[in-house]
Amino acid sequence: MTDCPRADMRDLLPDLLHDTLDAALRAEVERHVTTCEACAQELALLRSLRETLSAAPAVDVTRIAAAVHLVRNTAPVAERGRGVTTEWRHDWRRIAAAAILLLALGAGGYALTRAGPRGTIAPATQVASRPGQPGPPSPARSAPASAMPPRGAATPATAAASSAAVAAPSTGLMLGAGVSDLPTADIQALLDAVNQMDAIPRVDPAPVLEPAGEDIL
Amino acid sequence: MPEPILTPGEPGDGALIARWKAGDERAASQLVTRHAAAVSRFVASLGARQEVEEIVQDTFVRAFASLEGFREESSFRTWLFTIARNLVRDRARSERTRRVTVPILEEHVATEHDALDRVVAGETEDRMRNAVQRLSPTQRAVFMLRVTEGLSYREIATVVDSTEGAARVHYHHAMRAIKEFLDD
Chain A
1 MTDCPRADMR
11 DLLPDLLHDT
21 LDAALRAEVE
31 RHVTTCEACA
41 QELALLRSLR
51 ETLSAAPAVD
61 VTRIAAAVHL
71 VRNTAPVAER
81 GRGVTTEWRH
91 DWRRIAAAAI
101 LLLALGAGGY
111 ALTRAGPRGT
121 IAPATQVASR
131 PGQPGPPSPA
141 RSAPASAMPP
151 RGAATPATAA
161 ASSAAVAAPS
171 TGLMLGAGVS
181 DLPTADIQAL
191 LDAVNQMDAI
201 PRVDPAPVLE
211 PAGEDIL
Chain V
1001 MPEPILTPGE
1011 PGDGALIARW
1021 KAGDERAASQ
1031 LVTRHAAAVS
1041 RFVASLGARQ
1051 EVEEIVQDTF
1061 VRAFASLEGF
1071 REESSFRTWL
1081 FTIARNLVRD
1091 RARSERTRRV
1101 TVPILEEHVA
1111 TEHDALDRVV
1121 AGETEDRMRN
1131 AVQRLSPTQR
1141 AVFMLRVTEG
1151 LSYREIATVV
1161 DSTEGAARVH
1171 YHHAMRAIKE
1181 FLDD
């Protein structure tokens, strides 16, 4: 089988085969083929090759389409769901920790208001006083200035409360000992313990986007 | 390249892609149905006979997963061919690394009967098929894209990551080799 010397015409034979030439070029190539035995043979060969090689191994189109849909339906949702729920859970932990801390501080403050200067519960009559009548002298008022302990020094009562808190920081506030009685280190330990609590309920929003049973963490 | 023959009123690839991006999943099914055979044929021609369906599926999954980045500078089918060829090439490299014989290697000759071989019968057709399979991988890819798919040299260059001129040379060398084989 010989080759036509017109390489430009041979170049266009596959396009003639696939009918992709514009009308003018198609007419020109067809005229050439009718007068050129080599190009006519090559065109016939190309037609046979196309037919022979056009058979394609069978593939399951339905399965392929399902795989494409799966990619679309799972990946973005998973990403979106993962982000939302994780963010929500983190926020929820912060909120719960803050709430517990506030409750603890509130309980401590309440205990302080009910506690006497030495850790005893002061009777209500001692707290309230009539106008115009002097109330019972407070220890601070009645004690001479020289008897006041220096700033930072612990009285026996506060020292006892502090030592109790240091000895059992995890027990938190003891009755009669306020948060202000705890050293800074113990307060920090308390805050750390609150932050590390695993018992904080993990309440995610109801419309979780992840499939059931899938670990979103 | 010529688009597949569409029935009147049938949307083109561009319209289906737009519908897919808008959330119409049926558009993806239509695109898969329209192009799966061509991609399958091309993958088989590259020599990946045992893994055709897997590679075709990977091709579509990757194509749709990155459809947002498809600039439509080439046709959708050309883009699919490019992805398919890259997948076949990556697998061939991986297999060579593991020192496993890969059907895509040039020294492999078409002596086995496989699914494609069983589709057609006859001595002349077998000789044609053998002639094509004796081509180098690049020549075979270029020839198949030109003759069975009707791609232009420019599109072929995109698929095989070459130049338009190189694609033209590969095609004419392939044609010459096939003629010589058939004349023997």
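Respectively, the protein sequence lines represent chains A and V. Residue numbers for the first sequence follow the working numbering, so the first one is 1 and each next one is one higher. Residue numbers for the second sequence follow the working numbering, so the first one is 1001 and each next one is one higher. All C-beta atoms, glycine included, are put in the ideal place defined by N, C-alpha and C.
Residues that residue i contacts on chain A, provided the C-beta gap is smaller than 9 angstroms
i: Ala1166 of chain V; result: Within chain A, no residue comes near Ala1166 of chain V; the closest Cβ sits about 14 angstroms away, beyond 9 angstroms.
i: Lys1021 of chain V; result: Neighbours of Lys1021 of chain V on chain A: none; closest Cβ ~10 angstroms, over 9 angstroms.
Contact set between residue i and chain V, taken where Cβ atoms lie within less than 9 angstroms
i: Asp11 of chain A; result: Tyr1153, Arg1168, Tyr1171 and His1172
Option nearest residue i by Cα separation, candidates the options
i: Ser54 of chain A; options: V:Ala1167, V:Glu1073 and V:Phe1143; result: V:Phe1143
i: Glu219 of chain A; options: A:Glu37, A:Leu12 and A:Glu42; result: A query on residue 219 of chain A cannot be resolved here, the shown segment of chain A reaching from 1 to 217 and no further.
i: Leu1046 of chain V; options: V:Phe1060, V:Arg1176, V:Val1169 and V:Val1160; result: V:Val1160
i: Val33 of chain A; options: A:Asp22, A:Asp8, A:Leu49 and A:Ala56; result: A:Asp8
i: Gln41 of chain A; options: A:Ile100, A:Asp3 and A:Ala99; result: A:Asp3
i: Ala1036 of chain V; options: V:Ala1027, V:Leu1080 and V:Gly1012; result: V:Leu1080
i: Val1169 of chain V; options: V:Ile1055, V:Phe1064 and V:Arg1154; result: V:Arg1154
i: Arg1049 of chain V; options: V:Arg1026, V:Ala1092, V:Asp1126 and V:Gly1069; result: V:Ala1092
i: Asp15 of chain A; options: V:Val1056, V:Arg1146, V:Ala1167 and V:Glu1051; result: V:Arg1146
i: Gly1014 of chain V; options: V:Ser1040, V:Asn1130, V:Leu1067 and V:Ser1136; result: V:Leu1067
i: Asp1126 of chain V; options: V:Arg1089, V:Ile1178 and V:Thr1082; result: V:Ile1178
i: Asp19 of chain A; options: A:Met1, A:Val59 and A:Leu43; result: A:Leu43
i: Asp1058 of chain V; options: V:Val1032, V:His1172, V:Ser1074 and V:Arg1071; result: V:Val1032
i: Glu1150 of chain V; options: V:Gly1009, V:Ile1055, V:Thr1078 and V:Ile1017; result: It should be pointed out that residue 1150 of chain V corresponds to Gly in this sequence rather than to Glu. Minimum Cα distance to Gly1150 of chain V is reached at V:Thr1078.
i: Leu1182 of chain V; options: A:Arg26, A:Pro5, A:Leu46 and A:Leu17; result: A:Leu46
i: Ile1083 of chain V; options: V:Phe1070, V:Glu1095 and V:Ser1094; result: V:Phe1070
i: Phe1064 of chain V; options: V:Leu1016, V:Leu1135 and V:Pro1011; result: V:Leu1016
i: Ser1162 of chain V; options: V:Leu1087, V:Ala1141 and V:Glu1180; result: V:Ala1141
i: Val1039 of chain V; options: V:Ser1152, V:Ala1174 and V:Phe1060; result: V:Phe1060
Cross-chain neighbours of residue i in chain A, by beta carbon under 7 angstroms
i: Thr1148 of chain V; result: Arg50, Leu53 and Ser54
i: Val1061 of chain V; result: Ala67, Val68 and Val71
i: Ser1075 of chain V; result: By Cβ distance, chain A contributes nothing, its closest Cβ being about 12 angstroms from Ser1075 of chain V, past 7 angstroms.
i: Val1032 of chain V; result: Val61, Ile64, Ala65 and Val68
i: Asp1183 of chain V; result: Met1
i: Ser1162 of chain V; result: Under the 7 angstroms cutoff, chain A gives no residues; its nearest Cβ is about 17 angstroms from Ser1162 of chain V.
First through last residue of the alpha helix (DSSP H) which encompasses residue i
i: Pro1011 of chain V; result: Element bounds for Pro1011 of chain V: n/a, residue is neither H nor E.
i: Asp1184 of chain V; result: Run containing Asp1184 of chain V: none; DSSP gives neither H nor E here.
i: Thr1148 of chain V; result: Taken as a continuous stretch (DSSP letters only), Thr1148 of chain V belongs to no alpha helix (DSSP H), as it is neither H nor E.
i: Leu46 of chain A; result: Glu37 to Leu53
i: Asp1126 of chain V; result: Glu1123 to Gln1133
i: Leu21 of chain A; result: Element bounds for Leu21 of chain A: n/a, residue is neither H nor E.
i: Thr1158 of chain V; result: Tyr1153 to Val1160
Min CB distance residue i to chain V below 7 angstroms
i: Pro57 of chain A; result: yes
i: Pro5 of chain A; result: no
i: Val29 of chain A; result: no
i: Leu33 of chain A; result: Here residue 33 of chain A turns out to be Val, not Leu, going by the sequence shown. For Val33 of chain A, the answer is no, since every Cβ of chain V falls outside 7 angstroms of its Cβ.
i: Ile100 of chain A; result: no
Chain V contact residues for residue i, given Cβ-Cβ distances below 8 angstroms
i: Leu46 of chain A; result: Val1147
i: Asp60 of chain A; result: Glu1053
Closer than 7 angstroms at the beta carbon, the chain V residues around residue i
i: His69 of chain A; result: Glu1025 and Ala1028
Chain A within 7 angstroms of residue i, Cβ atoms only
i: Leu1105 of chain V; result: At Leu1105 of chain V the pLDDT is 44, less than 50, meaning the model places this residue with poor confidence; the figure from the coordinates comes in the next sentence. Output row for Leu1105 of chain V: interface = no.
i: Ala1065 of chain V; result: yes
i: Gln1133 of chain V; result: no
i: Gln1050 of chain V; result: no
i: Val1056 of chain V; result: yes
i: Ala1036 of chain V; result: yes
i: Glu1125 of chain V; result: yes
i: Arg1041 of chain V; result: yes
Interface partners of residue i on chain A, CB under 8 angstroms
i: Ala1044 of chain V; result: Ala56 and Pro57
i: Arg1091 of chain V; result: Those do not exist, as Arg1091 of chain V stays about 16 angstroms from chain A at its closest Cβ, beyond 8 angstroms.
i: Arg1129 of chain V; result: Thr52 and Leu53
Complete runs of the alpha helix (DSSP H) confined to the region 1028–1085 of chain V [at least 4 residues]
Uninterrupted alpha helix (DSSP H) stretches at least 4 residues long and entirely within the region 1028–1085 of chain V occur at 1052–1065, given in chain order.
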